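Trainee:
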Amino acid sequence: MNGENSKMKTANALKVQDRDIVVPGELLCEGEGFVHGKNIYKKENKLFAGMLGMVRIEKDIVKIIPLSGKYMPKEEDRVIGKVIDVLMSGWRFEINSAYSAVLPLKEAGSDFIPKGADLTKYFDFDDYVVAQITNVTTQNLVDLTTRGPGLKKLRGGRVIQVNPTKVPRIIGKDASMVKLLKDSTGCDIQVGQNGLVWVSGDPEKEVIAINTIKKIEKEAHTQGLTENIDAFLKGGKK
Amino acid sequence: MKSAKYEKRFDGRDWEELRPMNAKVGIIPRADGSAMFQIGKTTAYAAVYGPRDLHPKFMQNPRTGILRCDYNMLPFSGHGERVRPGGSRRSKEINLVMQNALLPVLDLTDFPNTVVDIFVDLPQTDAGTRCAAITAASMALADAGLSMKGLVSAVAVGKVGDKIVVDLNYDEEAFEGGAADIPVAVIPSTGEITLLQLDGEVSKEDLMKALEYAKRAANKIHELQKKALKEKYHE
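First to last, the protein sequences are chains S and L.
Going by this note's numbering, the first residue of the first sequence is number 1, and it counts up by one from there.
Going by this note's numbering, the first residue of the second sequence is number 239, and it counts up by one from there.
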């Protein structure tokens, strides 16, 4: 078979390169050579960008990684939420998204909460919580749980907001970046998939951690980021 | 239809020449998306917030998110008299036509029951404000990371005296010998028209010719929009 020939053909059909920034409506490629992934639409054998973002080409799949945008709740995501309302049988949380989330009573913890109890004893207004999303409906109604390892109420510390699309870089591969941050600042850090980050520790160290997170957010698209951040943290300690 | 002679443009431009343009994206840090677009002396700042919770509840649409536009000419922005602050009949109309011009490219079906708010403020104006507002708003929507099938570029064309011109300024719009002002919004990637208004009189032939001019001008604006959006992420 002339595999090389067909490879050439598909390469010629591409109008963009891997890691290019494209704007909505921009032509990505012509012909049948490519499968369209996320945030791309097809019209008459042509693929167009359906969003502002970075093009990624993996074999014959073209997709666009968004560079901005609100957090979209997804099942099993770990998020940081703030209590905005106390309901009849649960709490409503603000999760830095277009939608709020509900934590039902029976998902609130291992303790039994009797009927008619004062729910603010458990979670009061403006309390921050690490929770996991258990269910998202088609209408984007979101359910949470705080039952599970590492899920808890957050006491003290501070919460900052980052771009949700940059969260994977802040966590790093196998949580390497968070580990680096924790080890070098001694702070306790929780990163929510929704772009809220909780930092708690020595006040001066908290500031260093936050500045570093802001730096990661700004340089998220660069390569060799972990090494740069490592150097930055070591330099800052002097 | 009589029309007076218009020999040369007041600011010395070619008939099909746009005023000097400038565009910038991501200028308002607290907004989810923002952009600035300047054409001649007309300047528009657009800020996008959302998708976010929508109240009052009866306005919510369970099938899709909705788009809400707010066009606002600042009091000191006009030519003579101070513009009275707050909404007017005119701004209400422009809010509606902006919404209609932008919705065809925007897909908010992933965000039922929510709203996307666009606020456009114009600190300085010299005609063509609704077009500048739409152009800035479409960049701000893209910057907000929303799902869109293309950008929208808008420009005013028209007939000043006996000449068909592109991008009228205030003096031309107020030309004594009669002027027709035709704001047009185009989706350059498909060639579709999403806004077409007309103030004045033109013949069918002139209108068709003006629309051709508008499409060519919109493509020039589109190039600038693309450049501005990409610049934000290229440091």
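Glycine included, every Cβ here is placed at the ideal spot set by N, Cα and C.
The model shown is predicted, which means the values in this text are computed figures rather than measured ones.
1) Chain S beta carbons: is any one of them nearer than 9 Å to that of residue 290 (chain L)?
2) To test your reading of the DSSP string, which unbroken beta strand (DSSP E) runs of 3 or more residues are found completely within the segment 262-342 of chain L?
3) Residue 408 (chain L) lies in the beta strand (DSSP E); which residues open and close that run?
4) From the beta carbon of residue 221 (chain S), is the nearest beta carbon of chain L less than 9 Å away?
5) What does residue 45 (chain S) touch in chain L if you count any residue whose Cβ is under 8 Å from its own?
6) Return the residues of the segment 329-353 of chain L that lie within a Cβ-Cβ distance of less than 8 Å from chain S, sorted by chain order.
7) Tell me whether the segment 95-103 of chain S and the segment 78-85 of chain S touch, counting them as touching only if at least three CB pairs, one residue from each stretch, are closer than 8 Å.
8) On the DSSP bridge list, what partners appear for residue 352 (chain L)?
9) Using a Cβ cut-off of 9 Å, pull out every chain S residue sitting near residue 446 (chain L), in sequence order please.
10) Going by C-alpha distance, which of L:367, L:409 and L:383 is nearest residue 272 (chain L)?
11) Check the Cβ of residue 70 (chain S) against every Cβ in chain L and list those closer than 7 Å, keeping chain order.
12) Taking residue 446 (chain L) as part of the alpha helix (DSSP H), name the residues at either end of that continuous run.
13) Using the C-alpha atoms, what's the distance from residue 104 (chain S) back to residue 217 (chain S)?
14) Given this structure, state the Cα-to-Cα distance separating residue 64 (chain S) from residue 53 (chain S), to the nearest angstrom.
15) Could you pull the start and end residues of the alpha helix (DSSP H) that residue 209 (chain S) belongs to?
16) Helix, strand or coil for residue 232 (chain S), going by three-state DSSP, please let me know.
17) For a quick check, are the C-beta atoms of residue 339 (chain L) and residue 393 (chain L) less than 9 Å apart?
18) Under the DSSP definition of a beta bridge, which residues are partnered with residue 158 (chain S)?
19) Check whether chain S comes within 9 Å of residue 425 (chain L), counting only Cβ atoms and requiring the distance to be less than that.
20) Helix, strand or coil for residue 89 (chain S) per DSSP?
21) According to DSSP, what are the bridge partners of residue 419 (chain L)?
22) So the beta strand (DSSP E) residue 66 (chain S) belongs to, where does it begin and stop?
23) Which partner residues does residue 167 (chain S) have in the DSSP bridge list?
24) Within 10 Å of its beta-carbon, does residue 1 (chain S) have 16 or more other beta-carbons around it, so buried, or fewer, so exposed?
25) Can you confirm whether residue 23 (chain S), when its beta carbon is compared against all beta carbons of chain L, has any partner nearer than 9 Å?
26) Below 7 Å CB to CB, which residues in the same chain sit around residue 363 (chain L) once its five sequence neighbours on both sides are set aside?
27) Put residue 174 (chain S) into one of helix, strand or coil per three-state DSSP.
Mentor: Let me spell this out:
1) yes
2) 271-277, 280-291 and 304-311
3) Counting along the chain, residue 408 (chain L) falls outside any beta strand (DSSP E), though it belongs to the alpha helix (DSSP H) covering 408-411.
4) yes
5) Residues of chain L passing the Cβ test: none, with the nearest at roughly 15 Å.
6) 343, 345, 348, 349, 350, 351 and 352
7) yes
8) L:291
9) The premise fails here: residue 446 (chain L) is roughly 25 Å from chain S at the closest Cβ pair, so nothing lies under 9 Å.
10) L:383
11) 270 and 289
12) 442-471
13) 33 Å
14) 6 Å
15) 203-218
16) helix
17) no
18) S:199
19) yes
20) coil
21) L:396 and L:437
22) 61-66
23) Its beta-bridge partners do not exist; DSSP assigns none.
24) Legend: pLDDT at residue 1 (chain S) = 41, less than 50; position of this residue unreliable, no value from coordinates given.
25) yes
26) 280, 311, 315 and 316
27) helix
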